[in-house]
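Engineer: There's a structure below that I have some questions on.
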Amino acid sequence: MEKPSNLLLKLSRTLFAESQEQEKFIHAVINPQPFNPAILWLQPKPTNHPFEQEQTTLWQPEFVDRLALKTKPGKHFLHQEGHYYCLDFSSIFAASSLLTIKPPIKFILDICAAPGGKSIFAWKTLNPELLLCNEVIGKRVGMLLSNLKRCQIRRSATINLDSKILAEKLPETANLVIVDAPCTGQSLLAKGEKAPGCFHPVTINSNASRQKRILANSAKIVAPQGYLAYMTCTYSTAENEQVGEWLLSKFPQFQPVVVPHLEKYRSHLSAIPCYRMWPQHKLGAGAFTILFQNTTVGQANQLPAEFLASARFTNI
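If you're matching positions, the sequence shown starts at 1 in our numbering and goes up one per residue.
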């Protein structure tokens with residue numbers, strides 16, 4: 001068994017009061033286990049299911065299947081034809097907070113969209129009139145566009161802009177803004193991947209500052225009565241609960257939304273309703289999710305025509 005670093009030990013003590021839970025968490029992080037793959041169906045499921053399935057969870061939407069270990073759904077011809085999208089089960093957990101929102105939704109903006117999984121989940125769940133997928137890292141836009149086209153996500157478009165510019169151009173326009181934030185990626189270790197420096201305080205604080213900046217810009221884009229969803233794949237409270245608490249202090253018009261089907265997973269690290277998947281529970285490597293609503297009364301602003309003209313539409 002690999003010996004945990006001092007920084008991981010220190011993190012575990014901030015996350016769990018009981019030593020037994022600390023040990024379970026550390027063991028899951030430094031001894032990676034395979035997690036079940038999942039697929040999000042975009043076309044009707046075939047009569048003869050092509051894969052062996054695992055037992056469903058209470059919060060798992062009917063259009064998601066959790067598959068047996070070692071299944072390779074990405075190699076099947078139905079994947080190439082866009083019948084489903086392959087998605088990490090932790091990502092399904094985080095995106096499931098969107099199931100609380102009542103469809104249809106007019107306009108959804110995904111601020112950090114590549115490779116597109118959360119965008120596609122939102123499209124499937126909420127049936128928006130327009131799904132706008134932003135990716136600030138230019139070299140990732142091609143992958144995002146390719147996935148949207150393959151999955152036939154109609155009335156969707158991609159853009160490549162900083163969140164500050166989007167806040168200036170699209171104030172109070174979006175009925176839902178998704179922020180699947182860049183983070184230290186600590187949960188990658190539980191999947192056997194690398195995340196250099198992910199437990200170092202400098203790395204954590206740097207990511208938390210960036211997350212707050214993106215979230216603040218995103219809040220300005222949310223229309224009255226609209227929603228703001230914040231998600232990460234990391235464990236530190238500085239990047240999760242504390243970011244949510246910070247948003248509420250800076251934007252008091254926003255209120256956290258209780259997600260009833262995730263109540264079992266409610267974080268014990270904050271008084272506000274937010275939700276965690278831990279690697280020791282063996283459903284996924286880890287995720288954090290919180291949903292806010294803008295309580296301001298009023299109408300959404302119209303999307304500027306000149307802005308839409310600059311977006312790259314996948315299908316109309």
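Ideal Cβ positions, reconstructed from N, Cα and C, are used throughout, including at glycine.
#1: Within the same chain, show all residues whose beta-carbon is closer than 8 Å to that of Ile316, passing over the 5 residues directly before and after it, in chain order.
#2: How many angstroms separate the CA atom of His49 from the CA atom of Phe121?
#3: Among Val202, Leu176, Leu132 and Ala17, which one has its Cα closest to the Cα of Ala157?
#4: Based on Cα-Cα distance, which residue from Ala167, Ile221, Cys151 and Gly116 lies nearest to Ala144?
#5: Going by Cα to Cα distance, which pick from Ile108, Gly142 and Asp88 is closest to Ala114?
#6: Determine whether the beta carbon atoms of Ser97 and Val259 lie at a separation below 8 Å.
#7: The beta strand (DSSP E) with Phe292 in it runs from where to where?
#8: Should the stretch 77-91 be regarded as contacting the stretch 35-47, the criterion being three or more beta carbon pairs within less than 8 Å?
#9: Cβ atoms of Leu283 and Val29: under 8 Å apart, would you say?
#10: Nearest-angstrom Cα distance between Trp123 and Pro201?
#11: How should Met1 be labelled, buried or exposed, when 16 other C-beta atoms within 10 angstroms of its C-beta is the threshold for buried?
#12: Helix, strand or coil for Pro260? Go by DSSP, reduced to three states.
#13: What is the residue span of the beta strand (DSSP E) that Thr14 lies within?
#14: Quick one: Cα of Ile26 to Cα of Glu263, how far?
#15: In this structure, does DSSP put Ile178 in helix, strand or coil?
#16: Could you check whether the stretch 227-237 touches the stretch 274-293, counting it as contact only if at least three pairs of C-beta atoms, one from each stretch, sit closer than 8 Å?
#17: Do you know offhand how far Ala95's Cα is from Ser163's?
#18: In three-state terms, what does DSSP make of Pro128?
#19: Would you call the CB atoms of Ile178 and Lys118 closer than 8 Å?
#20: Helix, strand or coil for Leu213 per DSSP?
#21: Can you find the residues in the same chain that come closer than 8 Å, C-beta to C-beta, to Gln253, ignoring five residues on each side of it along the sequence?
#22: Using only alpha-carbon positions, find the residue among Gly82, His268, Tyr227 and Ile108 that is nearest to Gln43.
#23: Under a Cβ-count criterion, where at least 16 other Cβ atoms within 10 Å of its own Cβ denotes burial, should Ser187 be classed as buried or exposed?
#24: Rounded to the nearest angstrom, what separates Cys198 and Leu69 at their Cα positions?
#25: Just reading off the alpha helix (DSSP H) that Ala94 is part of, what are its end residues?
#26: Could you round the C-beta distance between Lys220 and Ala167 to whole angstroms and report it? I think they count as a contact, below 8 Å.
#27: Between the C-alpha atoms of Asn207 and Leu269, what's the straight-line distance to the nearest angstrom?
#28: Can you tell me whether Phe77 is buried or exposed, with buried defined as 16 or more other CB within 10 angstroms of its CB?
#29: For Gly327, which of Ser267, Arg312 and Asn127 has the nearest alpha-carbon?
#30: Less than 8 Å between C-beta atoms, sequence neighbours within five positions excluded: which residues of the same chain meet that for Lys194?
#31: Report the option in Gln242, Glu306, Ser5 and Lys10 whose CA atom is closest to the CA atom of Lys169.
#32: Helix, strand or coil for Asn147 per DSSP?
Structural biologist: Checking against the coordinates, here is how it stands:
#1: Here Ile316 scores only 44 on pLDDT, less than 50, and its place in the model should not be relied on; the value that follows carries that caveat. So the list reads Arg154 and Arg155, once near-sequence residues are dropped.
#2: 21 Å
#3: Leu132
#4: Checking the displayed sequence, the identity of residue 144 turns out to be Leu instead of Ala. Considering only alpha carbons, the answer is Gly116.
#5: Gly142
#6: yes
#7: Ala287 to Asn294
#8: yes
#9: no
#10: 36 Å
#11: Residue confidence is low: Met1 scores 48 on pLDDT, short of 50, so the model does not pin down where it sits. No coordinate-derived value is stated.
#12: helix
#13: Thr14 -> not in any beta strand (DSSP E); alpha helix (DSSP H) instead, spanning Asn6 to Leu15.
#14: 24 Å
#15: strand
#16: yes
#17: 20 Å
#18: coil
#19: yes
#20: Residue identity differs from the one stated: residue 213 is Arg in this sequence, not Leu. In this structure, Arg213 counts as helix in the three-state DSSP scheme.
#21: Asn294, Thr295 and Thr296
#22: Gly82
#23: buried
#24: 27 Å
#25: Phe89 to Ala95
#26: 4 Å
#27: 19 Å
#28: exposed
#29: No statement about residue 327 is possible, as the shown extent of the chain runs from 1 to 316 and does not include it.
#30: Leu188
#31: Glu306
#32: helix
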